[in-house]
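J.: Just dropping this structure here.
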Amino acid sequence: LSLMIALDEVEWQEEESEKEDDIDARHRLSSVDHRLSTDPTVPVLIAAPSNVEYQDTEDGSTVDEEQSIKSPTSSLPPKQVDYFIVNQMENNPLFASNPRKEDRLRIEVFTYQGMIRVKSIFQMNRRFTFRISDMQLIMLEKEYLRWHFPYRSDLVLQFLDEETKLQFCKLIQAYLKTLDPSTKLKRTLPLVPFLRGEIKMHSQHFPAVCLTSLGEFAWRGLVLVTNYRVLMVPFEIAPIVEIPLFSILTVTRETSFGYRTPFLMLTSKDVRTLRLDVTPDERLLTLQHIIVKLSECTQKYQSAFVAENTRDSVLTLQVPHFSFSYTMTSVTPETNGWKFAAIENEYARQGLVPEANPLLQLVDNTDGSICGSYPSKIIFPASMSMDDVLAAVNFRAKNRVPVITWQHPRNHSVLTRSSQPLLGRLLTSHSCAIDEGLIAFYKELSTKSSSSLYIFDARKVKAAKGNRIMGKGGVETAGQYNGAIINHLNIANMYKMQTSYQALLKLCLAPEQDKSWWSALEGTRWFEHLQLIIDGSVKIARVLEFEGASVLVHCSDGWDRTCQLVSLAQIMLDPYFRTIQGFAALVEKDWLAFGHKFMERLGGNRSKDPTRSKMSPIFLQFLDAVYQLTEQFPTAFEYNERCLVHIANSLTSGLYGTFLYDNILQRATANAASKTVSVWTSLLVSPHLFTNTEYVARPDPLWPWPGHQALKLWSGYFFQHHEVHAHNHIDEEEQGKV
2 LSLMIALDEV EWQEEESEKE DDIDARHRLS SVDHRLSTDP TVPVLIAAPS NVEYQDTEDG
62 STVDEEQSIK SPTSSLPPKQ VDYFIVNQME NNPLFASNPR KEDRLRIEVF TYQGMIRVKS
122 IFQMNRRFTF RISDMQLIML EKEYLRWHFP YRSDLVLQFL DEETKLQFCK LIQAYLKTLD
182 PSTKLKRTLP LVPFLRGEIK MHSQHFPAVC LTSLGEFAWR GLVLVTNYRV LMVPFEIAPI
242 VEIPLFSILT VTRETSFGYR TPFLMLTSKD VRTLRLDVTP DERLLTLQHI IVKLSECTQK
302 YQSAFVAENT RDSVLTLQVP HFSFSYTMTS VTPETNGWKF AAIENEYARQ GLVPEANPLL
362 QLVDNTDGSI CGSYPSKIIF PASMSMDDVL AAVNFRAKNR VPVITWQHPR NHSVLTRSSQ
422 PLLGRLLTSH SCAIDEGLIA FYKELSTKSS SSLYIFDARK VKAAKGNRIM GKGGVETAGQ
482 YNGAIINHLN IANMYKMQTS YQALLKLCLA PEQDKSWWSA LEGTRWFEHL QLIIDGSVKI
542 ARVLEFEGAS VLVHCSDGWD RTCQLVSLAQ IMLDPYFRTI QGFAALVEKD WLAFGHKFME
602 RLGGNRSKDP TRSKMSPIFL QFLDAVYQLT EQFPTAFEYN ERCLVHIANS LTSGLYGTFL
662 YDNILQRATA NAASKTVSVW TSLLVSPHLF TNTEYVARPD PLWPWPGHQA LKLWSGYFFQ
722 HHEVHAHNHI DEEEQGKV
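Now the structure itself:
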């Protein structure tokens, strides 16, 4: 909405024409305030006498009778507004070389944007823009205008004193009162649908301007901080921007883009950056303090003992996390996503229980006595005693002994996983007969007459040898493990992945005019890492399918690259894991139950040394790889891209309890299953939103092409917060359903 006032008969006043004006008032209005600006080319607003009258304002403020602007006696707008701009206009670069002595100007009031523009009718390049720092409730007189920054080709000004500001504001108010009642502006903000358990955490109002990545004006709105997120609610028609507190990485005051005053910049763990211009500076500092404290509260953890008789400590929440306040309605036992956490159900489906295979036994690990980062039930050979089990776990890093995670339904070859063996230093080699016998047992489970067992080490040869030299591990040898075939998949460690991910995020937030964007994308090496992960998974799946040989997969600790490889291989081979429920069971089994350190990889534990951060997008990279498979086989998956994006967003939203901890022992200590909502619950409650309409079940394996030519940038995730993508990728009807 634009309200326009024609400024007629405006003249550029000369220095000698002071006799008809109040000299003191003229000097007060036209003198440059050197405390605010020392630039002689900055123009100054001057007010000339006017016949327009104005009554006292709502707050009772008045101005001197000779300079006051009173309310009009009729319903028509004021016929003349004698505001004009003087003071060295010839030197101002925004004006033409031969400025006119007489001109016709107009004022445009962009109420929702908080902008007031003065434009020349004769010379289009002659214009000035005034920014109102607080348009909430249209109470212009309660805030001052200031010279802030060049907005595109417009110059943003400030008033020199309160009296100038008051006169200008009363002018606008006088015009607004002459409007037809049907055109009055709305004074209410858009409704913000708070979640169950979500509350506002402050009473003070924080009006702000949302800035683009180039520092340009985007829209005006109000900042709300709840116990779950930071919201930027726009005054005009614009999307509501939010960043969950759990997702916030940094909250800083920046002074880039040529700003005279700082603005607030929020960076998140995903592809979101929010720039807020908040004035005055005291209000900005208050908002920064609130956001910093609340975001830290959601991510601080402390040690707590599992029981009095044990010295094993786990991380528990220091303060209540919002996921412990959030609830969902209409959740039944059938739609409760925590049911997928029962790993025994998945073992039974595969026939990996003693009732289906007497050669196996399920050993209880509920208290973490065997391995604190392993499932509550672990599959071992029925012939192994508890002493043998304990001897075997001591030979592997972090006690992560080789165990079965999946069995081929036809040839009964098994996919096993572990951490690296503790072989000692080069000159003092160690071995473990029980560990060697365990590997031999897995090899014999296959019904095919294969004399080999494949060991896939996700690391590079150099990395494995480095660990061996330092005495931290190493890799098995064919001499110790009879018939073993060793393969190195050359996948980089988590630090390299984090570096690549940060480069990709920076690129996705870069200006669109960057002509070297595609070459920079290649330089992030994200596709290179993705290609190695998919290619390694294909190799593992081919051994299980075509050779019928059992496979052992490990990296260093067996909870990062190992999770990626075994999960992707199972998706390729087992059609159940291409369904929504199967995918949930797979993530619960091979990521959550087998101890992927979600909290550590997502940067949630801020109480630790920040210089030794172990953040890394391991699980997000796995989801990206699954997305690549869905693109190559668009009808083979029951879940769609929205489902993958939902899961990816839940990593940093802090809304669900699924990804809050590093292992199931920590989740059990915090009673996450009974106090929080599972990420899978929303999939079960609204399956139509996450179901692929073109899905056709196929029992045969999938063999994706891992070449760079087949890989695509996951724009549905990395550009989901982009202005264009946010409006086009998800239609309004489905967004309303969500």
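Sequential numbering from 2 applies to the sequence shown in our numbering.
Even glycine gets a Cβ: it sits at the ideal position worked out from N, Cα and C.
#1: Could you have a look at Met233 and say whether DSSP puts it in helix, strand or coil?
#2: Buried or exposed: where does His722 fall if 16 or more other Cβ atoms within 10 Å of its Cβ makes it buried?
#3: In terms of DSSP beta bridges, what is Ser269 paired with?
#4: Touching or not, the region 617-627 and the region 379-388, by the rule of three or more beta carbon pairs under 8 Å?
#5: Using only CA atoms, which one of Trp407, Gly216, Ala398 lies nearest to Asp591?
#6: Pairs of beta-carbons, one from the region 454-467 and one from the region 430-437, closer than 8 Å: are there three or more?
#7: Among Lys713, Ala357, Ile292, Cys556, which residue has its Cα nearest to the Cα of Ser248?
#8: Please report the straight-line C-alpha distance between Asn491 and Glu529, rounded to a whole angstrom.
#9: Name the two residues that bound the continuous beta strand (DSSP E) containing Cys211.
#10: Thinking just about the alpha-carbon of each residue, which of His206, Pro359, Asn228 is nearest to the one in Gly222?
#11: Go through its chain and collect everything with a Cβ distance to Lys399's Cβ below 6 Å, but skip five positions before and after it.
#12: Just to confirm the assignment: which complete alpha helix (DSSP H) runs, minimum length 4, are found wholly within the region 407-469?
#13: Short check: CB of Leu275 to CB of Ile244, under 9 Å?
#14: Note down, in chain order, each residue of its chain lying with its Cβ closer than 6 Å to the Cβ of Asp365, except the 5 sequence neighbours on either side.
#15: Could you compute how far the alpha carbon of Thr213 sits from the alpha carbon of Ala219?
#16: Thinking C-beta only, is Leu246 closer than 9 Å to Asn228?
#17: On the criterion of 16 or more Cβ atoms from any shown chain inside 10 Å, does Trp706 qualify as buried, or is it exposed?
#18: Short of 6 Å in beta carbon distance, which residues of its chain neighbour Gly596, apart from the five on each side in sequence? Order them along the chain.
#19: In three-state DSSP terms, what is Asn488?
#20: For Leu593, decide whether its Cβ has a neighbour in chain D, counting only Cβ atoms nearer than 9 Å.
#21: Is it buried or exposed, Trp704, if we count other Cβ atoms within 10 angstroms and call 16 or more buried?
#22: Just grab the DSSP bridge partners of Glu243 for me.
#23: What residue range does the alpha helix (DSSP H) around Gln503 cover?
#24: What is the rounded straight-line gap between the Cα of Ile486 and the Cα of Gly480?
#25: From the DSSP output, in three-state form, read off His290 for me.
#26: Check whether the Cβ atoms of Gly198 and Thr333 sit closer than 9 Å, and answer yes or no.
#27: Do the CB positions of Ile440 and Pro410 come within less than 9 Å of each other?
#28: In the DSSP assignment, what are the bridge partners of Pro382?
#29: Taking the CB atoms as reference points, tell me whether Leu508 and Leu522 lie closer together than 9 Å.
#30: So the candidates are Thr525, Ile371, Leu574; which of them puts its Cα closest to the Cα of Val539?
#31: Am I right that Ala585 and Phe341 are in contact with their C-beta atoms under 8 Å? What's the rounded C-beta distance?
#32: Per DSSP, what are the beta-bridge partners of Glu255 in this structure?
#33: What span of residues does the alpha helix (DSSP H) with Arg668 cover, start to end?
#34: Less than 9 Å between the beta carbons of Leu288 and Leu265, yes or no?
#35: Terminal residues of the continuous beta strand (DSSP E) containing Asp278?
#36: State the start and end residues of the unbroken beta strand (DSSP E) segment that holds Arg221.
T.: Let me lay it out:
#1: DSSP places Met233 in strand when its eight states are reduced to three.
#2: Classification for His722: buried.
#3: In DSSP, Ser269 forms a bridge with Ile249.
#4: Cβ pair count under 8 Å is below three, so no.
#5: Sorting Trp407, Gly216, Ala398 by C-alpha distance to the C-alpha of Asp591 places Trp407 at the top.
#6: By the criterion of at least three beta-carbon pairs nearer than 8 Å, the region 454-467 is not in contact with the region 430-437.
#7: For the set Lys713, Ala357, Ile292, Cys556, the Cα lying nearest the Cα of Ser248 is the one of Ile292.
#8: Distance between the alpha carbons of Asn491 and Glu529 is about 11 Å.
#9: The continuous beta strand (DSSP E) containing Cys211 extends over residues 208-212.
#10: Per the Cα distances, His206.
#11: In its chain, beyond the 5 residues on either side, Ser420, Asp558 have a beta carbon closer than 6 Å to the beta carbon of Lys399.
#12: Listed in chain order, they are 434-445.
#13: Yes. Within cutoff.
#14: When the five nearest sequence neighbours on each side are left out, no beta carbon in the same chain lies closer than 6 Å to the beta carbon of Asp365.
#15: Answer to the nearest angstrom: the Cα atoms are 6 Å apart.
#16: Cβ distance < 9 Å, so Asn228 and Leu246 count as in contact.
#17: Residue burial annotation: Trp706 is exposed, with fewer than 16 other C-beta atoms found within 10 angstroms of its C-beta.
#18: For Gly596, where only same-chain residues beyond five positions count, the Cβ hits under 6 Å are Ser374, Trp560, Asn664.
#19: Strand, per DSSP.
#20: No chain D appears in the structure shown, which is made up of a single protein chain.
#21: So Trp704 counts as exposed.
#22: DSSP lists Leu232 as the bridge partner or partners of Glu243.
#23: If you look at Gln503, you'll find it in the alpha helix (DSSP H) that goes 495-509.
#24: Rounded to the nearest angstrom, the two C-alpha atoms are 10 Å apart.
#25: His290 falls in the helix class under three-state DSSP.
#26: Thr333 is positioned such that its CB atom lies no closer than 9 Å to that of Gly198.
#27: Cβ atoms of Ile440 and Pro410: not closer than 9 Å.
#28: DSSP output for Pro382 lists Leu361 as bridge partner(s).
#29: Yes, the pair counts as a contact, with Cβ atoms nearer than the cut-off.
#30: Leu574 is the residue among Thr525, Ile371, Leu574 whose C-alpha sits nearest the C-alpha of Val539.
#31: Contact check for Ala585 and Phe341: beta-carbon distance about 4 Å, within the 8 Å limit, so the pair qualifies.
#32: In DSSP, Glu255 forms a bridge with Phe264.
#33: Looking at the DSSP string, the run of the alpha helix (DSSP H) that includes Arg668 is 665-670.
#34: Yes.
#35: Following the DSSP letters along the chain, one finds Asp278 inside the beta strand (DSSP E) bounded by residues 274-278.
#36: 218-226 is the span of the beta strand (DSSP E), which, as asked, contains Arg221.
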